[in-house]
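Heads up, the thing below is written out as structure tokens.
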Amino acid sequence: WRHIATAATRSCRMAVDIGLIVYLGLWYAGNYYYNIYNKLSSKAGGGTEFIFTLAWIQMAVGAVYSLFLWFAPEARSAPKMSFGQYMKLAPLGFFAAAAHAGAVFSLSAGAVSFAQIVKAAEPAFAAAVGYLVYGNTISKAKMVCLIPIIGGIWVASVQELDFTWMALAAAGGANVAAAFRGGENKRVMAEPGLKEAVAGAGNTYAITTIWATIMLLPLIFISGEWDKRDQFIAMWEADGTKGSAGNLRWNTIMSGLTFYLYNEVSTIALKKISGVTHSVANTAKRAIIIVGCAIAFGESMAPIKMIGCSIAIGGTFLYAIADDLVKPKAKKQ
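Here is the structure:
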């Protein structure tokens with residue numbers, strides 16, 4: 006019986022490992038293909054001319070998918086929330102919309118690989134926003150790790166052939182919005198009874214996506230894209246601008262679907278592994294996407310850019326595990 010129990014335990018562990026590998030694989034693949042589909046969509050759509058409309062369509066695809074899961078039999082239980090509780094999640098949707106719009110603009114205005122390098126600086130922005138707005142503090146070890154993150158991005162920017170200030174500003178803005186979204190998520194979900202009413206991280210992300218879809222609509226009007234709606238409709242019906250590779254509709258819809266799915270899968274993966282392991286996986290994912298997208302689109306892989314990329318990503322990883330490597334000193338009694 007002991008041998009049987011040992012064999013069963015090993016089988017269970019193997020099953021768990023296989024499941025984790027599948028989740029990580031889907032997370033990596035979803036993130037990679039989102040970047041590919043998004044860039045192809047923007048190229049077919051004329052660059053940044055209708056970028057907020059395309060960003061809205063992407064988010065709307067995720068919103069429709071999340072609603073489908075609630076109404077489909079035995080797919081996912083819908084949250085049992087009051088109107089007031091739904092409204093409390095609106096700030097999450099606002100910052101998710103801002104982060105998505107900034108990221109899509111940055112990925113479209115410049116090299117995908119460079120935008121991903123800038124996005125690696127999210128911990129620096131999160132630390133600044135957390136300290137200035139939410140009163141959070143970080144350890145000295147983490148503060149030191151911010152230096153290689155910021156320095157690495159500067160090094161990678163020096164010889165970036167596809168560098169634009171607009172792409173840098175949009176990626177930085179996306180990082181700020183993502184930092185606020187993280188802060189608001191912690192603040193809002195601490196409300197008594199809200200976490201139970203939402204019933205799971207999947208539903209939280211679904212509601213955030215629906216709110217973000219609503220919040221992105223004003224940008225279409227503010228940017229003037231609505232005034233050119235006839236031009237966009239003609240382009241959509243033609244499946245892309247004249248002279249482009251086309252496939253606008255397919256790439257836009259698939260970018261929205263992969264964006265939603267990879268974010269949800271990453272949430273599931275985070276629940277199955279430790280924070281440090283997740284940090285390692287996230288660091289590896291970032292490196293794979295940067296190199297993969299650079300190869301896919303023929304972007305610059307100059308040594309100085311790759312050195313800066315390595316420094317920034319290495320700093321991000323050290324930031325994530327700094328408090329585990331350098332334990333805070335116990336206070337003397």
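Offset between the sequence shown (1-based) and this note's numbering: plus 5. Ideal Cβ positions, reconstructed from N, Cα and C, are used throughout, including at glycine. Quick caveat, the model's predicted, so the values are computed rather than measured.
Give me, in chain order, the residues of the same chain whose beta-carbon lies closer than 7 Å to that of residue i; leave out the 5 immediate sequence neighbours on both sides.
i	result
residue 134	181, 184, 185 and 188
residue 302	44 and 117
residue 361	This structure leaves residue 361 out entirely; the chain is present only between 6 and 338.
residue 68	214, 215 and 218
residue 196	93
residue 49	245, 246, 249, 250, 251, 252, 253 and 256
residue 70	262 and 265
residue 131	184 and 187
residue 241	253 and 254
Comparing C-alpha positions only, which one of the options sits nearest to residue i?
i	options	result
residue 58	328, 176, 140 and 106	106
residue 161	266, 329, 272 and 314	314
residue 321	38, 50, 121 and 48	121
residue 249	29, 289 and 52	52
residue 304	31, 27 and 41	41
residue 293	154, 141, 61 and 117	117
residue 27	297, 270 and 237	270
residue 175	199, 224 and 108	108
residue 296	119, 203 and 192	119
residue 227	55, 31 and 37	55
residue 60	252, 46 and 71	46
residue 37	299, 202 and 241	299
Taking 8 Å as the threshold (C-beta atoms), are residue j and residue i in contact?
i	j	result
residue 150	residue 286	no
residue 213	residue 74	no
residue 172	residue 111	yes
residue 220	residue 102	yes
residue 63	residue 264	yes
residue 90	residue 199	yes
residue 247	residue 32	no
Output needed for residue i: all residues of its chain with C-beta closer than 6 Å, excluding positions within five of it in sequence on either side, in chain order.
i	result
residue 324	128, 147 and 150
residue 13	For residue 13, the pLDDT reaches just 43, beneath the cut-off of 50, and the residue's location in the model is therefore unreliable, although a value from the coordinates is still provided. Cβ neighbours of residue 13 beyond the five flanking positions: none.
residue 83	75
residue 311	none
residue 3	Because the chain is modelled from 6 through 338, residue 3 falls outside the range shown and cannot be assessed.
What's the gap between the Cα of residue i and the Cα of residue j?
i	j	result
residue 100	residue 79	31 Å
residue 231	residue 267	30 Å
residue 190	residue 97	6 Å
residue 223	residue 234	14 Å
residue 254	residue 244	6 Å
residue 308	residue 156	16 Å
residue 170	residue 178	12 Å
residue 72	residue 203	14 Å
residue 194	residue 142	20 Å
residue 330	residue 139	25 Å
residue 16	residue 104	Note that residue 16 scores 46 on pLDDT, short of 50, meaning its location in the model is unreliable; the coordinates nonetheless yield the value given after this. The alpha-carbon atoms of residue 16 and residue 104 are separated by roughly 42 Å.
residue 88	residue 225	27 Å
residue 144	residue 229	45 Å
residue 338	residue 201	Low confidence applies here, because residue 338 scores a pLDDT of 48, under 50, leaving its location unreliable; read the following figure in that light. In a straight line, the C-alpha of residue 338 is about 39 Å away from that of residue 201.
residue 23	residue 81	23 Å
Please return the same chain residues whose Cβ sits closer than 8 Å to the Cβ of residue i, not counting the five positions on each side in sequence.
i	result
residue 272	206, 207 and 210
residue 158	122, 123, 125, 126, 313 and 317
residue 152	320
residue 192	139
What's the call for residue i, buried or exposed, on a 16-neighbour Cβ count within 10 Å?
i	result
residue 39	buried
residue 86	buried
residue 114	buried
residue 306	exposed
residue 29	buried
residue 154	buried
residue 239	exposed
residue 77	exposed
Say the cut is 7 Å; is the CB of residue i nearer than that to a heavy atom of the ligand MG?
i	result
residue 293	Of ligands this structure carries none, so the ligand MG is not represented either.
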